[in-house]
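Asker: 1197 is the number of the first residue of the sequence shown in our numbering; add one for each residue after it. Backbone N, C-alpha and C fix where the C-beta goes; we use that ideal spot for every residue, glycine too. My questions all concern the structure below.
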Amino acid sequence: MKPAAFEYHAPVDPEETVALLARLGDEAKVLAGGQSLVPMLALRLAAFGHLVDLRRVKGLPGIEHRGGVVRIGATTTQAAVERSDVVRDAAPLLARATPLIGHFQIRSRGTVGGSLAHADAAAEYPAVALTLDARLETLSPRGRRTVPADRFFTGTWSTDLAEDELLTAVALPVWHRPRGFAVAEFARRSGDFALAGATVAVGLGPDRRIDRCAIAVFGLGPVPCRARAAERELIGREPTTEAAGDIADLAVSGLDSVPADLHGSAGYRKRVGAAMVARAWRHAVREAVHD
1197 MKPAAFEYHA
1207 PVDPEETVAL
1217 LARLGDEAKV
1227 LAGGQSLVPM
1237 LALRLAAFGH
1247 LVDLRRVKGL
1257 PGIEHRGGVV
1267 RIGATTTQAA
1277 VERSDVVRDA
1287 APLLARATPL
1297 IGHFQIRSRG
1307 TVGGSLAHAD
1317 AAAEYPAVAL
1327 TLDARLETLS
1337 PRGRRTVPAD
1347 RFFTGTWSTD
1357 LAEDELLTAV
1367 ALPVWHRPRG
1377 FAVAEFARRS
1387 GDFALAGATV
1397 AVGLGPDRRI
1407 DRCAIAVFGL
1417 GPVPCRARAA
1427 ERELIGREPT
1437 TEAAGDIADL
1447 AVSGLDSVPA
1457 DLHGSAGYRK
1467 RVGAAMVARA
1477 WRHAVREAVH
1487 D
């Protein structure tokens, strides 16, 4: 099939872009990498009167590490993240999640901002942003603002962005060492969206006990979810893999919006999610202990 007719716009700077979005209102849709939007348009699962292409907008791509933060511009491709030594050294969790996104052809076009703004509940980048306490930078005709990741994702394919607001970058705080990171997910085939997944980050204090911990699950609800109760239980403990099963059970115990479909029941997804938490926890703890 072919998409419904639309008018194409190619602004060249962020201010022009948000002015265009403000003028066009809900008839406009931002086009970043297009790896999710274009298939939806082609299948006529979505239709918009105007597409605003970000490819020519200056200042949106780029990766920099400064002041204890890794800042990644919204139109930076996933392939660029995958190749980046800066990301690999300062934000390892993002580096490890990136190869799990589709196939390399998709990552060569898909963008960081596109994935975050699309807010698919089974996507890796929203879970990574939530785990690392990322801050999302935006621009609108009213000015700039910063939104914490735990307030950015509001529902399935839904975010805190206003109609005239553009996601410009994501800022990821760098964790102190020793630290460990891991991502684990289960998909029926390589490149498919995950049925369930988990991201884990562990930081150790001077006494080699856990002084910082973040566990997030994705594919188990309308938005990625932090396992706050499990995190609180782990602070101050010795880093060990022995209790991985108990940690995993606690991490998924409070989930009440787990989807059920032809790929699996809600109970099945929760069991898979718990297994992914346990797997990621073991890897992250081992890395932190040896860091």
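Got a sec, what are the start and stop residues for the beta strand (DSSP E) E1203 sits in?
Answerer: Here the beta strand (DSSP E) through E1203 covers E1203 to H1205.
Asker: Counting pairs of beta carbons, one from the stretch 1323-1338 and one from the stretch 1434-1445, are three or more of them closer than 8 Å?
Answerer: Touching, no, given that fewer than three Cβ pairs across the two stretches are closer than 8 Å.
Asker: Does the separation of the CB atoms of L1161 and P1210 fall below 8 Å?
Answerer: This structure gives no information on residue 1161, because the portion of the chain shown stretches from 1197 to 1487.
Asker: Do you know how far the Cα of F1389 is from the Cα of L1241?
Answerer: Looking at the two C-alpha atoms, the distance is approximately 18 Å.
Asker: Report the partner residues of R1331 according to the DSSP bridge assignment.
Answerer: According to DSSP, which records beta bridges pairwise, R1331 is partnered with P1344 and A1367.
Asker: DSSP state of V1277, grouped into three classes?
Answerer: Here V1277 sits in helix by DSSP.
Asker: From the DSSP output, which residues share a beta bridge with F1382?
Answerer: Answer is A1392.
Asker: Assign A1243 to one of two classes, buried (16 or more other C-beta atoms within 10 Å of its C-beta) or exposed (fewer than that).
Answerer: Classification of A1243: exposed, given that the 10 Å Cβ count is below 16.
Asker: Could you check whether V1481 and G1376 sit closer than 8 Å to each other, using their CB atoms as the reference points?
Answerer: Yes, they are a contact pair.
Asker: Runs of 3 residues minimum, wholly inside the stretch 1217-1296: which ones carry the beta strand (DSSP E) assignment?
Answerer: Correct list: 1224-1227, 1246-1249, 1259-1262 and 1265-1269.
Asker: Looking at the strands, I want to know which residues DSSP matches up with T1355.
Answerer: T1355 is bridged to F1349.
Asker: Helix or strand or just coil, what does DSSP make of S1449?
Answerer: Three-state DSSP puts S1449 in a helix.
Asker: Under the assumption that R1404 contacts I1411 (Cβ atoms under 8 Å), give the Cβ distance between them as a whole number of angstroms.
Answerer: Actually they do not touch by this definition, with Cβ atoms about 20 Å apart.
Asker: Would you mind stating whether I1259 and V1282 have Cβ atoms separated by less than 8 Å?
Answerer: Yes, Cβ-Cβ distance for I1259 and V1282 is below 8 Å.
Asker: If you drop the 5 nearest sequence neighbours on each side, which residues of the same chain put their C-beta closer than 6 Å to that of R1292?
Answerer: Here the set comprises V1379.
Asker: P1288: which of H1261, I1302 and G1309 sits nearest, CA to CA?
Answerer: Residue H1261 is the option with its Cα nearest to P1288.
Asker: Going by the C-beta, is L1332 closer than 7 Å to any heavy atom of the ligand FAD?
Answerer: Absence of the ligand FAD is noted for the structure shown, with no ligands found whatsoever.
Asker: Check each candidate in L1451, P1337, R1475 and H1246 and name the one with the smallest Cα separation from V1214.
Answerer: Looking at the Cα atoms, P1337 is the closest of the given residues.
Asker: Since F1300 sits in a beta bridge, which residues does DSSP pair it with?
Answerer: According to DSSP, which records beta bridges pairwise, F1300 is partnered with nothing at all.
Asker: Report yes if the CB atom of A1471 is closer than 8 Å to the CB atom of A1439, and no otherwise.
Answerer: No, Cβ-Cβ distance for A1471 and A1439 is not below 8 Å.
Asker: What does I1406 pair with, by DSSP beta-bridge criteria?
Answerer: According to DSSP, which records beta bridges pairwise, I1406 is partnered with L1400.
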